[in-house]
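Colleague: Shown below is the structure under consideration.
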Amino acid sequence: MRRHLILTHGRSGSNFLTNSLNLHPQIVNYGEVLGDWTLPSKLRRVGLLENQSLPSYLDQLYNSKALFYCAQAWSAKQHLIKHKPVNLKRHSAVKSLGIKEFGIHFQRNGLADYLQDHHDIDVIYLYRENILDRYISVQSLQRNRVVLSESSTTRLAKMTIDIDDMMQSLDVLRGELDYTHQLIASLAPNRVLTIRYEDAFKDGICLQAMCNQVFQFLGVETIAEKSQQKKILSRSLEQVIDNFDDFQSAIHRSQYSNLLAV
């Protein structure tokens with residue numbers, strides 16, 4: 001069985017990709033496992049999963065057959081509760097098993113060496129180049145508390161941007177992006193598939209092309225099914241931001257002025 005990692009950042013389309021991969025009969029992705037809020041991390045803290053070191057913990061997630069079936073059972077329960085179809089998979093039928101994780105967690109936990117030491121892990125690097133759009137997407141999600149489906153007709157409320165918070169946050173987001181770019185550059189090119197959010201999430205055709213590219217990279221046949229989830233923010237910034245003039249002026253005076261034209 002092959003192993004993979006989706007290395008990404010928040011609000012960069014990774015939920016869509018993870019859900020689409022899990023629709024494939026030969027792929028399992030556990031999702032996020034390093035954040036304190038995740039179930040695996042909670043189990044690790046109480047001693048039910050490997051808690052001696054993070055590399056050992058990640059090895060257990062990748063290699064434990066018992067854990068695989070526990071995760072399948074948990075997933076089935078959650079799907080039944082939400083009245084969604086259950087998609088149980090046999091361990092022997094899975095060709096690629098992986099996790100999704102944010103670059104910030106690799107950075108904070110000093111896990112760059114983990115990828116460099118585990119040459120057999122295929123890395124899907126999904127990143128959003130426009131960090132301004134990413135920041136606005138985060139703010140929209142926090143204010144509206146909703147992730148939209150393709151059929152959703154929910155109208156999102158306009159929001160007022162805290163200019164000081166935005167400028168500080170953009171510096172942080174730029175640092176996160178620089179870190180993951182450097183990490184990916186340190187890996188052998190043949191084990192990395194790089195996907196730029198702005199290219200992959202243009203429309204339905206591009207989304208399916210991205211999924212097909214990932215399936216081929218992981219060594220499985222392509223399928224037509226994909227997640228029904230979509231990005232939460234699709235309107236122009238002027239339609240979304242209440243204090244747009246102040247927002248635009250602050251960006252134009254900063255090092256990030258080029259992001260408004262992207």
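To convert, note that position 73 of the sequence shown is 73 in the UniProt record's numbering; the numbers rise steadily by one, no gaps. Yeah, the Cβ is synthetic: ideal placement off N, Cα and C, and Gly gets one too.
1) Contact check, Leu115 vs Leu187 under 8 Å by CB: the rounded distance?
2) Quick check on the DSSP output: the beta strand (DSSP E) that includes Val240 runs from which residue to which?
3) Around the C-beta of Gln78, are 16 or more other C-beta atoms found within 10 angstroms, so that it is buried, or is it exposed?
4) When you compare each of Asn130, Tyr127, Leu23, Lys158 to Gln142 by their alpha carbons, which one comes out closest?
5) Have a look at Gly167 and Gln255 and give me their C-alpha separation to the nearest angstrom.
6) Using CA coordinates, which residue listed in Gln182, Phe102, Gly175, Ala112 is at the minimum distance from Thr38?
7) Let me confirm a value: Asp133 is counted as buried when at least 16 other C-beta atoms fall within 10 Å, else exposed. Which label applies?
8) Please classify Ser152: is it buried, with 16 or more other beta-carbons within 10 angstroms of its beta-carbon, or exposed?
9) So Tyr125 and Leu193 are supposed to be a Cβ contact under 8 Å. How far apart are they, rounded?
10) Answer yes if the stretch 8 to 24 comes into contact with the stretch 217 to 230, meaning at least three C-beta pairs across the two stretches below 8 Å, and no otherwise.
11) Skipping 5 residues on each side, what residues in its chain have a beta carbon closer than 8 Å to that of Ile131?
12) So, at 6 Å on beta carbons, what are the nonlocal neighbours of Arg128 in its own chain, with the 5 sequence-adjacent residues on each side left out?
13) Would you kindly check if the distance between the Cβ of Ile163 and the Cβ of residue 263 is under 8 Å?
14) Quick check on the DSSP output: what are the complete beta strand (DSSP E) runs of length 3 or more inside the stretch 22 to 103, in order along the chain?
15) Name the DSSP beta bridge partners of Asp122, please?
16) Using only the alpha-carbon positions, how far apart do Ala93 and Ser137 sit?
17) For Gln248, I'd like the list of residues in its chain whose CB is within less than 6 Å of its CB, leaving aside the five on either flank, ordered along the chain.
18) If we ignore side chains and look at the alpha-carbon of each, how far apart do Ala185 and Ile99 end up?
19) Should Arg2 and Lys84 be called a contact, given that it needs their Cβ atoms to be closer than 8 Å?
20) When DSSP labels each residue in this structure, what does Arg253 get in the three-state scheme?
21) Would you call the CB atoms of Asp122 and Leu34 closer than 8 Å?
22) Who are the near neighbours of His91 in its chain, counting only those whose CB is closer than 6 Å to its CB and skipping five residues on each side?
23) Cα-Cα, which of Asn243, His4, Gln107 is closest to Asp120?
24) Can you have a look at Leu49 and say buried or exposed, based on whether 16 or more other CB atoms are within 10 angstroms of its CB?
Modeller: Taking the coordinates as given:
1) Correct: roughly 6 Å between the Cβ atoms.
2) Premise fails: Val240 lies in the alpha helix (DSSP H), 237 to 240, not in any beta strand (DSSP E).
3) Flag for Gln78 reads exposed.
4) Of Asn130, Tyr127, Leu23, Lys158, the residue nearest in Cα terms is Lys158.
5) In the sequence under discussion, the amino acid at residue 167 is Met, which differs from the Gly named in the question. Here the alpha carbons of Gln255 and Met167 stand approximately 10 Å from one another.
6) Taking only the C-alpha atoms, the option nearest Thr38 is Phe102.
7) Asp133 is classed as buried because its beta carbon has at least 16 other beta carbons within 10 Å across all chains shown.
8) Low confidence applies here, because Ser152 scores a pLDDT of 47, under 50, leaving its location unreliable; read the following figure in that light. Answer is exposed; the Cβ neighbour count stays below 16.
9) Confirmed, about 7 Å.
10) Yes, the stretch 217 to 230 is in contact with the stretch 8 to 24.
11) Cβ neighbours of Ile131 beyond the five flanking positions: Leu170, Leu173, Arg174, Leu177, Tyr256, Leu259.
12) Correct list, in chain order: Ser12, Arg134, Tyr197.
13) Past the edges of the chain, shown from 1 to 262, lies residue 263, and the structure says nothing about it.
14) Restricting attention to beta strand (DSSP E) runs no shorter than 3 residues, the stretch 22 to 103 encloses them at 27 to 29, 96 to 102, ordered along the chain.
15) In the DSSP secondary-structure assignment, Asp122 is bridged to His4.
16) Answer to the nearest angstrom: the Cα atoms are 37 Å apart.
17) Counting only residues of its own chain and dropping the five nearest sequence neighbours on each side, Gln248 has no CB closer than 6 Å to any other CB.
18) Near 20 Å, if we compare the C-alpha coordinates of Ile99 and Ala185.
19) Going by C-beta atoms, Arg2 is not nearer than 8 Å to Lys84.
20) Look at Arg253 here: in three-state DSSP terms it is coil, with no helix or strand label.
21) Cβ distance not < 8 Å, so Asp122 and Leu34 don't count as in contact.
22) Around His91: Lys65, Phe68.
23) For the residues Asn243, His4, Gln107, the minimum Cα distance to Asp120 belongs to His4.
24) With a threshold of 16 other beta carbon atoms within 10 Å, Leu49 meets it and is buried.
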